[in-house]
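Colleague: Per this note's numbering, residue 41 is the first one in the sequence shown, and the count goes up by one each step.
All residues carry an ideal CB built from backbone N, CA and C; glycine is no exception.
Bear in mind that the values here come from a model prediction, so they are computed numbers and not experimental data.
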Amino acid sequence: MKLSVALNFLLDLRFPISIAIKPTLRDIVQCPSLLIRPAALSDVFMHHLWAVFGAGVDENSNGHTANYLDSTKVTRYIALEPNVHMHAELRKRANAAGFTEADGTFLLLSLGAQDIDLICAAVGGTQQIDTLVSILTLCSVPDPVKTIYALLEKGLKPGGNLLFHEHVRNTREDVAWWQGFWNPVWGMFFGGCKMNRPTDVWIDEWPGWEERSVFTPEREAEEPERFFCHRVGQYVKAKAS
Ligand SMILES: C[S@@+](CC[C@H](N)C(=O)[O-])C[C@H]1O[C@@H](n2cnc3c(N)ncnc32)[C@H](O)[C@@H]1O
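1. If residue 242 sits next to residue 188, beta carbons under 8 Å apart, how far is it from one beta carbon to the other, in whole angstroms?
2. If you follow the beta strand (DSSP E) that residue 275 is in, where does it begin and where does it stop?
3. Pull up the DSSP beta-bridge partners for residue 254, would you.
4. With DSSP collapsed to three states, give me the class of residue 42.
5. Classify residue 197 as helix, strand or coil using the three-state DSSP reduction.
6. Pairing CB atoms from the segment 231-239 with CB atoms from the segment 208-216, are three or more of them under 8 Å?
7. Residue 172 and residue 151 - do their beta-carbons sit closer together than 7 Å?
8. Taking the continuous beta strand (DSSP E) assigned at residue 173, which residues delimit it?
9. Use the C-beta contact count for residue 195: other C-beta atoms within 10 angstroms, 16 or more gives buried, fewer gives exposed.
10. Counting C-beta neighbours from all protein chains within 10 Å, is the total for residue 70 16 or more, i.e. buried, or is it exposed?
11. From which residue to which residue does the alpha helix (DSSP H) around residue 189 run?
12. If I follow the unbroken beta strand (DSSP E) through residue 147, where does it start and stop?
13. What residues are listed by DSSP as bridge partners for residue 7?
14. Going by DSSP, name the residue or residues bridged to residue 245.
15. Confirm the yes/no value for this check: CB of residue 165, any heavy atom of ligand 1, distance under 6 Å.
16. To which residues does DSSP link residue 207 through a beta bridge?
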């Protein structure tokens with residue numbers, strides 16, 4: 041990989057930082073204790089960042105998933121979001137899409153994907169979820185292989201779907217090395233996100249699939265030195281496991 045391209049990454053960081061730094065500083069002035077609570081500060085920063093940056097994902101912002109759910113077919117939208125600063129926007133979008141807590145069609149859980157037992161308890165038991173949707177999230181979950189496999193084994197119904205759109209490790213080892221090199225800097229601003237996770241490989245290697253379909257967005261195929269390589273997948277869990 042060209043050194044100039046690898047180092048340009050630092051310049052690319054300027055845009056997201058410039059978006060979130062001012063509102064985060066305002067929050068620090070209002071609540072100075074954020075300075076001694078790095079996890080809370082990171083959540084605040086990420087919330088401001090994603091409110092603007094997330095728009096590029098699909099021309100919408102937080103809670104993209106709700107925009108694609110047909111409320112005549114989806115009986116309940118369960119949103120998993122440990123960052124409570126994201127909740128207001130998520131709830132707004134869910135409500136606009138026809139899902140409300142009042143009628144039981146919307147459930148917003150302040151849990152992480154790794155909290156599988158609490159998730160199962162909240163949704164009424166194990167293997168109750170028809171469709172798991174992950175948009176740019178598995179890059180941030182702790183203990184990713186264990187977390188993903190637990191969601192698939194304990195959360196997803198037999199015959200259920202996993203739909204994902206994630207950025208993953210570049211298949212070129214030199215680019216993957218740079219992804220790993222910049223991870224600590226990137227993660228500091230993007231809620232602990234790891235650029236170099238082979239999430240697509242981990243998902244594909246899970247032994248319980250009946251059907252799988254996965255692709256790279258066309259526009260990215262021509263850019264082998266990308267730091268952000270996306271994979272989009274639809275996987276169906278075997279009915280009998
Ligand atoms: C890049 S944003 C994507 C948000 C949303 N999926 C969307 O498309 O707008 C990553 C999200 O993952 C959430 N996140 C971080 N750690 C998580 C975890 N352990 N479990 C579930 N979500 C997590 C963050 O709070 C953040 O909202």
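Modeller: According to the data block:
1. 6 Å
2. 269-277
3. The beta-bridge partner set that DSSP reports for residue 254 consists of 273.
4. Residue 42 sits in coil when the DSSP states are folded into three classes, being neither helix nor strand.
5. strand
6. Because the criterion of three Cβ pairs below 8 Å is met, the segment 231-239 and the segment 208-216 touch.
7. no
8. Counting along the chain, the beta strand (DSSP E) containing residue 173 begins and ends at 169-175.
9. buried
10. With fewer than 16 other Cβ atoms within 10 Å, it is exposed.
11. Start and end: 184-190.
12. 146-149
13. In the structure displayed, the chain extends from 41 to 281; residue 7 sits before or after that span and is not available.
14. BP columns for residue 245 are empty, so no partner.
15. no
16. 270
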